[in-house]
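One structure below.
Number of protein chains: 2
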Amino acid sequence: MRDLSKDHSLLSLNTATVRKQGDLLAIIEACSRHGIGAVSPWRDQVASVGLERAVRAVKDAGLKLSGYCRGGMFPADAARRSEVREDNRRAVDEAAALGAPCLVLVVGGLPQFSRPGSAPSKDLQAARAMVEEGIADLLDYARAANMPLAIEPLHPMYAADRACVNTLAQALDICDRLDPARSGVLGVAVDVYHVWWDPELDRQIERAERGRLLAFHVCDWLVPTRDLLLDRGMMGDGVIDLRRIRACVERAGFDGFVEVEIFSEDWWAKPMDEVIQTCIDRHRTVV
Amino acid sequence: MRDLSKDHSLLSLNTATVRKQGDLLAIIEACSRHGIGAVSPWRDQVASVGLERAVRAVKDAGLKLSGYCRGGMFPADAARRSEVREDNRRAVDEAAALGAPCLVLVVGGLPQFSRPGSAPSKDLQAARAMVEEGIADLLDYARAANMPLAIEPLHPMYAADRACVNTLAQALDICDRLDPARSGVLGVAVDVYHVWWDPELDRQIERAERGRLLAFHVCDWLVPTRDLLLDRGMMGDGVIDLRRIRACVERAGFDGFVEVEIFSEDWWAKPMDEVIQTCIDRHRTVV
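Residue numbers (the working numbering), protein chains in the order written: chain A, -13 to 273; chain B, -13 to 273.
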């Protein structure tokens, strides 16, 4: 198991963690100041400063990426499939331009939430089929762009509106069906927030192996959790046994960045420097 | 599949659904008035009117029970194991006195939440082991009292503080280990709110078969869900494909009551008669 206590060279900051405190350029500048070597930006943050400026800022700062957030949201009415396809292809292109090691996929839930305006449905199995078709369709494009796709299973509380892939087993089943050769173009993003509760977790991480483990995200689960979306905890403030899960992921061969991704109204209300410094401290002491 | 549209003879009311509107006696009286033939009461509601009065009221109203809520909360400091044991044995006794067909088990999460005052822990695997030990310990007592135990897997968002059994597969694995003969003394309570998202759902219901399916609870999952605990939806108001899941459960042999269990500040704020009438209407039209 890697020793994170000496420095924070393996820390990556998911830029959503400080999204309310500044734009992507300000976040990149702060990362440089704090000696953070990697980030994982979101599409809307890139769009708001412009792709070219974002690419240049990342390069000028000497930053690596640990991922790009995000493609997906596949379930949609048939009439909107080409929109979904184009949207995801653009995400692949942006990820490639930024030098990301993978495009993270939040696959979408029922069509009316995944792509608002789509006809309401309660058919989760149909949504799951649309997700798999959507990933299959994107895979050739991603392969040509040399951009691995990382399916992120989301916590079951997001099954309806954000992602109907809700366990690591389910994500890996999709990987096995669409990329049985384990070519490296398809894998998973393991976020402790989404998977920590899963009785199958250890076994599925082991099953994934290095070839399928494309990203590893940390934060914490607070008790009580006051909001389903925006009340994630800083590492160490909740109940997730972070070190146990990281040991498991590293035993399976993962050797990439440990990405901090916290959506929290509380942390968004604090100064950017304080949040980043806390991430660094916790990375060294509790992750 | 059973036809629920003609009457509500298969409807059971979990008394928590109208807990804020009146005590257990008032709820039983309202059930009689609405022609509801079964209830599933909670221990605190029984305690507050007294067990004997509750038994008499149930009998006088000619009500059946679809379950008794609840035993469990097994994880605890070692020093408190006898307290946990006694508490659960009393729950078995009360269930027997009331004529319940099963005691529902909400198994508990980490010890500090399951039995407040216990030492804080992040070891979910240890909590799960304590749950299994606790059920094993209770099983002989339950068998002697002829009171089946129904393990209720709770939604993963309750893994830390309410129940660390979070999938039907996990609950059935426990059943298979502790009661391999399928004697009837151990099974599961399937609540759509907790399991609707599970990609393994159909397969696990099929695996459970009639012998392990001791209770079936309905409500709905709202989008957005504003509170993790107290924002359940009335059947038909959310995204769960209730009829599909009921078909699945009945295909597996379940022939018991369909129990309505809704924890909702919204529904607790409405008159008891309106809530019960709505339950009846929805039972006939969307369940």
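No residue lacks a Cβ here, since even glycine has one placed at the ideal position from N, Cα and C.
Ends of the alpha helix (DSSP H) at residue i?
| i | result |
| --- | --- |
| ALA83 (chain A) | 67 to 84 |
| HIS269 (chain A) | 258 to 271 |
| VAL44 (chain B) | 37 to 46 |
| VAL117 (chain A) | 110 to 130 |
| GLY197 (chain A) | 187 to 198 |
| ASP162 (chain B) | 154 to 164 |
| ILE231 (chain A) | 228 to 237 |
Out of the options, which has the shortest C-alpha to C-alpha gap to residue i?
| i | options | result |
| --- | --- | --- |
| GLY219 (chain A) | A:ALA238, A:PRO185, A:ASP177, A:ILE191 | A:ASP177 |
| MET133 (chain B) | B:PRO257, B:ALA113, B:LEU51, B:THR153 | B:LEU51 |
| VAL181 (chain B) | A:LEU10, A:TYR144, A:VAL32, A:PRO97 | A:TYR144 |
| ALA146 (chain B) | B:ASP109, B:CYS161, B:ARG270, B:LEU125 | B:ASP109 |
| VAL273 (chain A) | A:GLU251, A:CYS234, A:TRP253 | A:CYS234 |
| TRP254 (chain B) | B:SER(-9), B:THR1, B:MET(-13) | B:THR1 |
| ASP165 (chain B) | B:GLY8, B:ASP259, B:TRP183, B:ARG129 | B:ARG129 |
| GLN190 (chain B) | B:VAL41, B:ASP162, B:LEU208 | B:ASP162 |
| VAL70 (chain A) | A:ARG229, A:ALA86, A:SER104 | A:SER104 |
| ASP227 (chain A) | B:MET258, B:GLN111, B:PHE202, B:MET221 | B:GLN111 |
| ASP73 (chain A) | A:ALA155, A:MET59, A:VAL44 | A:MET59 |
| ASP(-7) (chain B) | B:ILE14, B:GLY170, B:VAL244, B:GLU15 | B:VAL244 |
| ALA201 (chain A) | A:GLU236, A:GLU80, A:LEU208 | A:GLU236 |
| ALA136 (chain B) | B:ALA175, B:ASP159, B:ASN152 | B:ALA175 |
| ARG230 (chain B) | B:VAL204, B:ASP252, B:GLU247 | B:VAL204 |
| ASP217 (chain B) | B:THR3, B:LEU(-4), B:ASP(-11), B:SER(-2) | B:THR3 |
| LEU91 (chain A) | A:VAL209, A:LEU214, A:GLY53, A:PRO106 | A:GLY53 |
| LEU208 (chain A) | A:ARG193, A:GLU192, A:VAL225 | A:VAL225 |
| LEU154 (chain B) | B:GLY170, B:ILE22, B:VAL41, B:GLU186 | B:GLU186 |
| VAL246 (chain A) | A:PRO257, A:ASP267, A:ALA82 | A:ASP267 |
| LYS6 (chain A) | A:ILE121, A:GLN31, A:GLY21, A:ARG66 | A:GLN31 |
| PHE249 (chain B) | B:PHE240, B:MET221, B:ASP241 | B:MET221 |
| LEU199 (chain A) | A:LEU172, A:PRO106, A:GLY48 | A:LEU172 |
| ASP46 (chain A) | A:GLU192, A:PRO97, A:LEU11 | A:LEU11 |
| SER34 (chain A) | A:ASP9, A:MET258, A:LEU89 | A:ASP9 |
Give the DSSP bridge partners of residue i, in chain order.
| i | result |
| --- | --- |
| ALA149 (chain A) | A:GLY94 |
| TRP182 (chain B) | According to DSSP, which records beta bridges pairwise, TRP182 (chain B) is partnered with nothing at all. |
| VAL246 (chain A) | A:LEU(-1), A:VAL204 |
| PRO102 (chain B) | B:SER104 |
| ASP177 (chain B) | B:HIS203 |
| LYS50 (chain A) | A:ALA24 |
| ASP217 (chain B) | B:SER250 |
| LEU172 (chain A) | A:LEU135 |
| LEU89 (chain B) | B:TYR54, B:LEU135 |
Counting C-beta neighbours from all protein chains within 10 Å, is the total for residue i 16 or more, i.e. buried, or is it exposed?
| i | result |
| --- | --- |
| ASP206 (chain B) | buried |
| MET(-13) (chain B) | exposed |
| ALA167 (chain B) | exposed |
| SER68 (chain A) | exposed |
| ARG76 (chain B) | exposed |
| PRO142 (chain B) | buried |
| THR271 (chain A) | exposed |
| ASP223 (chain A) | buried |
| GLN263 (chain A) | exposed |
| ARG212 (chain A) | exposed |
| ASP184 (chain A) | buried |
| GLU260 (chain B) | exposed |
| SER26 (chain B) | buried |
| PRO87 (chain B) | buried |
| SER(-2) (chain A) | buried |
| PRO61 (chain A) | buried |
Hey, quick one: how far does the beta strand (DSSP E) through residue i stretch, first residue to last?
| i | result |
| --- | --- |
| ASP9 (chain A) | Premise fails: ASP9 (chain A) is in no beta strand (DSSP E) and is neither H nor E. |
| ILE137 (chain B) | 135 to 137 |
| TYR54 (chain B) | 54 to 58 |
| VAL25 (chain A) | 24 to 26 |
Check your understanding: Mind listing which residues of the stretch 108 to 126 of chain B have their C-beta closer than 8 Å to chain A's C-betas, in chain order?
Key -> LYS108, ASP109, LEU110, ARG114
Practice item. Can you give me, in chain order, the residues of the stretch 139 to 155 of chain A that have a beta carbon less than 7 Å from any beta carbon in chain B? Key: HIS141, PRO142, MET143, ALA145, ALA146, ASP147, ASN152, THR153
Practice item. For the stretch 182 to 194 of chain A, enumerate the residues whose C-beta is nearer than 7 Å to any C-beta of chain B, in chain order. Key: TRP183, PRO185
Review point. Of the residues that make up the stretch 83 to 108 of chain A, which ones have a beta carbon closer than 8 Å to any beta carbon in chain B?
Key: LEU96, PHE99, LYS108
Practice item. Note down, in chain order, all residues in the stretch 221 to 233 of chain A with a beta-carbon under 9 Å from any beta-carbon belonging to chain B. Key: GLY224, VAL225, ILE226, ASP227, LEU228, ARG230
Check your understanding: Going along the chain, which residues of the stretch 207 to 220 of chain A sit with their C-beta nearer than 7 Å to a C-beta in chain B?
Key -> TRP207, VAL209, THR211, LEU214
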